[in-house]
Amino acid sequence: MTEVTVVQETHDNSGFNREVLMNLGPQHPSTHGVLRLLLQMDGEIIERVDPHIGLLHRGTEKLAEHFTYTQIFPLTDRLDYLCPPSNNLGFALAVEKLLGIEAPVRAQYIRVIMAELSRISGHLLITGALPMDVGAMTSLLYTMREREMVMDLLEMISGVRMHTSFCRVGGVREDLPPGCTERIIEFCDIFTNRIADYEKLLLHNRIFLARVENIGNISARHAVALGLSGPNLRASGVDWDIRRDAPYEIYDRLEFEVITRKDGDCFDRWKCRVDEMRQSLRMIRQCVEQMPEGPVIVDDPKIAFPVDKDKLAHSMETHIHHFELAAFGFKVPAGEVYQAIEAPKGELGYYIISDGSEKPFRFKVRAPSFVNLQALCEHTTNMKYLADVIAMLGSLDPVMAEVDK
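Note that this note's numbering gives residue 77 to position 75 of the sequence shown, counting from 1, and the numbers run on in steps of one.
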């Protein structure tokens, strides 16, 4: 829904001039959710963009302060709901740092596989949605076809397609099911060719290129000053990736390239994500090849739920153990921690202050979509027309649940 309100009318020697305020959203499809953009315009020319957020606010950070550490995982699922495993991973690492523990190696490989699958899932959406925003409808049908394959894999691993809640403090909920690694490799083989199909469809499409090339350019200096991260930062030529530069889990054992571009326009941000999906496939293959046998959660009954679920029906001690962890949680030593990961949208960070109880005293999320969104109102970009705002917003790839949290 677009509402136009005339706020000022002036006359000058050249004739009649009218400046208007336009509400773009919050119901408009191209705003990628409940985002309201207040546009000050002189005809088709953009004078100012003022994002109005908070329409999806659910109080995630304050809710988390009243939940046990295990109960918080479903809340993290609903931040960037396109990529729940990444959200789970960042939170689990933060709590593990407070506890001074580390997940078993096999669990780390499983976590990374799921994180990279979720990266592909998130990138697929914007790979198809940005062209659709500027008029190329077919691309989204292609990318959603492959995204269904990713969702099927996540369902095979965790039992659900979207809000997986598969991570646990100290590991993952359970091991991979039989036949899962074969299905993952099959997907990698198929998807490699499908990425090439997207490029054949769009890289020489004159309409698509006219709408995204040299539009919304952000220089490297301004990208850093704005605090951008992820593909939005690397598209401006800044060679920074937390997986390589501040590695966590087993990323330091994997070979991959950090994808950068140089112009920082809408096309470069789109192309960065396309190329990053290839690197995700490369990492997933290495994880499947390198993953050792072993436990998938720490052997600590004060933190981990019972691994042998059959004992719940026969052992009173196991039943009590399970009940106490589910109902009351576990205590985390007093202290504070900040843990960042390279989520699909950029730097996803969790800042937690613990007072030694079963619940965090303070809980803060550094959400990349929230930070990246401010590039819309930055006058260093060359957005000129109303149509450019749509392309710019799509190339930033915000998820409003992560912005409002």
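For glycine and all other residues, C-beta sits at the position ideal for the given N, C-alpha and C. Model, not experiment: these values are computed from the prediction.
Worksheet item: Applying the criterion that 16 or more other CB atoms from any shown protein chain within 10 Å of the CB defines a buried residue, is A377 buried or exposed?
Response: A377 should be labelled buried.
Worksheet item: Tell me which same chain residues have a C-beta within less than 8 Å of the C-beta of L314, skipping the five on either side of it?
Response: Here the set comprises P308, T320, H321 and H324.
Worksheet entry | V9 versus N384 - alpha carbon distance | Annotation note: pLDDT 49 at V9 (below 50); position unreliable, coordinate value reported separately. The straight-line gap separating the alpha-carbon atoms of V9 and N384 is approximately 24 Å.
Item to complete: Under 6 Å Cβ to Cβ from G35, same chain only, skipping five residues before and after it: list those, please.
Response: Short of 6 Å from the beta carbon of G35, and not among the five residues preceding or following it, lie these beta carbons of its own chain, in chain order: M402.
Fill in: Cβ contact (3+ pairs, closer than 8 Å) linking the region 105-114 and the region 70-80
Verdict: no, contact absent.
Fill in: DSSP-derived helix/strand/coil call for I305
Judged by DSSP in its simplified three-state form, I305 adopts coil rather than helix or strand.
Item to complete: Would you tell me roughly how many angstroms separate the C-alpha atoms of I392 and V51, rounded to the nearest one?
Response: The alpha-carbon atoms of I392 and V51 are separated by roughly 12 Å.
Fill in: E157, DSSP secondary structure in three states
Of the three classes helix, strand and coil, the one that applies to E157 here is helix, per DSSP.
Discussion item. Using the three-state DSSP reduction, which class does M293 fall into: helix, strand or coil?
Written reply: The answer is coil: DSSP assigns M293 none of H, G, I, E or B.
Worksheet item: Is the CB-CB distance between F193 and P87 below 9 Å?
Response: In terms of Cβ geometry, F193 and P87 do not form a close pair [threshold 9 Å].
Discussion item. Quick check on Y253: does DSSP put it in helix, strand or coil?
Written reply: Helix at Y253.
Practice prompt. With DSSP as the reference, label F69 as helix, strand or coil.
Written response: F69 falls in the coil class under three-state DSSP.
Worksheet item: Leaving out five residues before and five after Y353 in sequence, what residues of the same chain have Cβ atoms less than 6 Å from its Cβ?
Response: Residues of the same chain with a CB within less than 6 Å of the CB of Y353, apart from the 5 flanking positions on each side, are Y340 and K366 in chain order.
Fill in: Sequence-distant residues of its chain with Cβ nearer than 8 Å to P297 (five each side left out)
When the five nearest sequence neighbours on each side are left out, the beta carbons in the same chain lying within less than 8 Å of the beta carbon of P297 are those of P106, R108, A109, G173 and V309, in order along the chain.
Discussion item. Going by DSSP in three states, C190 sits in which element: helix, strand or coil?
Written reply: Three-state result, C190: helix.
Worksheet entry | F1 (DSSP reduced to helix, strand or coil) | Nothing about residue 1 can be read from this structure; the chain reaches only from 3 to 407.
Fill in: Span separating the alpha-carbon of F330 from that of D199
Rounded to whole angstroms, F330 to D199 spans 51 Å at the Cα level.
Item to complete: May I ask you to report which of helix, strand or coil DSSP gives R20?
Response: Strand at R20.
Worksheet entry | First through last residue of the alpha helix (DSSP H) which encompasses V334 | Careful: V334 lies outside any alpha helix (DSSP H) and carries neither H nor E.
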